[in-house]
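In the working numbering, the protein residues as written are 926 to 1385.
Structure, rendered in structure tokens:
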């Protein structure tokens, strides 16, 4: 009985003599036909950041009133409020939502109410463009616009409206593992084309990136590599030969950080500005800028750059300074240059004096020409034996040798003391550079880790 009543009602409504599906329904109150868009489901699938496109599953229901499809319930045997009609047998607005329809048009049905209200649903997978602002990556928020409107009928014939002005996340509205859906805001827009106005509804989708993955996989290893590089390059208390290994270590670590930078660049679109991994103070609003009271704060806000790029430059500068220290250490090591007293005083280094003082030959051979080996006066006029002369010559030779050996030992001790002093000087310089670079490294990491809201409060 129900099927028979259903069929009778369909034959009555879709009578070829009374219903024409190619003609747009008229508005009984006058004016254009109003089509209401009802977002029913939204699920973000993927975001291609290089192509700047998003792919999502959605179900946007459309509702309008077709007076030709209305009936009086008391005049028919069909007692239900809604009836299902094949979509291809009635007029449907030319609003194309999808690139990949999950249900073919020939298989889709629409719901028609007794007062002529038509409700059509088309679940689809849609790919649309979404221009990304990666300046604050990976703490960025993105806005993607989904435009829905008639392709043929202008606003004098069809007007598109949204049933909801604000949609919040829920069971049917959510992002994916990387992006969190914040809100979806509907905004009516009039588009002008060839002097004709077209009614459009723009759904502004606000997405927030989940940065945990990028922090743990990219930023944390970069910070650890940079920290270990600085410790390796500027570790004090090392001998001269080990400094050459520091340069090799710095270059190797520099290559490792460059690989991290390449990993980030492959994920991002080719933009004119670098991301925060990215801009350190990208989240500070324009109002915060207007409340700046000092030039220093304004300069602080203008600091922007790439975190990994900063780490690369920091390690490169550290390697360059290490090369300079290696060259300087080699020069003073080979030329035995005495450290300047002002430099020792500035670095709070005390130089040990030479313990062994050189002695001249006269100290070993006092009055050698007037005394004998026993210390008695030597009478050159009478003591002319050849044996005594040979003993005198041997004594002079021994005195010269001992004096030369004393001077050589003094020079060696002076050279050792000088090298030891220079080693302490360069160790102190290494420690100073290590402290300075590590402080800068930690500040950059803290600035990167902090939430954007803290910057506004700190600057204010």
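Glycine is no exception: its CB is placed at the ideal position from the N, C-alpha and C atoms.
- Only residues of its own chain outside the window of five on either side were considered, and among them 1108 and 1110 have a CB closer than 7 Å to the CB of residue 1091, listed in chain order.
- In the structure shown, the three-state DSSP call for residue 931 is helix.
- Cα atoms of residue 1093 and residue 1002: separation of roughly 42 Å, rounded to the nearest angstrom.
- According to the DSSP assignment, residue 1146 belongs to the alpha helix (DSSP H) that extends over 1145-1158.
- Taking 8 Å as the upper bound for CB-CB distance, residue 1073 and residue 1084 are not in contact here, some 12 Å apart.
- It is roughly 10 Å from the alpha-carbon of residue 1143 to the alpha-carbon of residue 1149.
- By the Cβ rule, the region 987-996 does not count as touching the region 1120-1132, because fewer than three pairs are nearer than 8 Å.
- In terms of Cβ geometry, residue 1247 and residue 1158 form a close pair [threshold 7 Å].
- Taking C-alpha positions only, residue 1258 is separated from residue 1252 by approximately 10 Å.
- For residue 1129, the enclosing beta strand (DSSP E) starts and ends at 1121-1134.
- Beta-bridge pairing by DSSP links residue 1361 to no other residue.
- Where residue 969 is concerned, the enclosing beta strand (DSSP E) starts and stops at 958-973.
- Straight across, the Cα-Cα distance linking residue 1119 with residue 1037 is about 35 Å.
- In this structure, DSSP gives residue 1181 a helical state, which the three-state scheme calls helix.
- By the Cβ criterion, the region 1004-1014 is not in contact with the region 1053-1069, since fewer than three pairs of Cβ atoms, one from each stretch, lie closer than 8 Å.
- Counting the other Cβ atoms within 10 Å of the Cβ of residue 1077 gives fewer than 16, which makes it exposed.
- Distance from residue 970 to residue 1102 at the Cβ level is roughly 11 Å; contact not present, criterion being Cβ atoms closer than 8 Å.
- Under the three-state reduction of DSSP, residue 1353 is assigned to helix.
- Apart from the 5 residues on each side of it in sequence, residue 1351 sits with its Cβ closer than 7 Å to the Cβ of 1250 and 1254 in its chain, given in chain order.
- Judged by DSSP secondary structure, residue 1036 falls within the beta strand (DSSP E) whose first and last residues are 1034-1038.
- Residue 979 counts as buried, since at least 16 other C-beta atoms from the protein chains shown sit within 10 angstroms of its C-beta.
- Exposed is the label assigned to residue 1145, since fewer than 16 other Cβ atoms lie within 10 Å of its Cβ.
- Here residue 1154 is not near residue 1185, since their CB atoms are 7 Å or more apart.
- Per DSSP, the beta-bridge partners of residue 1052 are 980.
- By the neighbour-count definition (other C-beta atoms within 10 Å, threshold 16), residue 988 is a buried residue.
- Under DSSP, residue 1067 shares a beta bridge with 1132.
- Under the DSSP assignment, residue 1097 falls outside any beta strand (DSSP E); it carries neither an H nor an E label.
- Here residue 989 carries a strand assignment [DSSP, helix/strand/coil].
- Classified as exposed, residue 1177 has fewer than 16 neighbouring CB atoms from the shown chains inside 10 Å of its CB.
- Excluding residues up to 5 positions away in sequence, 1147, 1150, 1151, 1233, 1236, 1237 and 1240 lie with their Cβ nearer than 7 Å to the Cβ of residue 1182 in the same chain.
- When the five nearest sequence neighbours on each side are left out, the beta carbons in the same chain lying within less than 8 Å of the beta carbon of residue 1019 are those of 1075, 1076, 1077 and 1078, in order along the chain.
- Between residue 1244 and the set 1358, 983 and 1337, the nearest pair of CA atoms involves 1358.
- DSSP, reduced to helix, strand and coil, places residue 1015 outside both helices and strands of the structure shown, so it counts as coil.
- Partner residues in the beta bridge of residue 1113, as assigned by DSSP, are 1126.
- Secondary structure of residue 994 (DSSP, three-state): helix.
- Straight-line measurement puts the Cα of residue 1057 at about 12 Å from the Cα of residue 1131.
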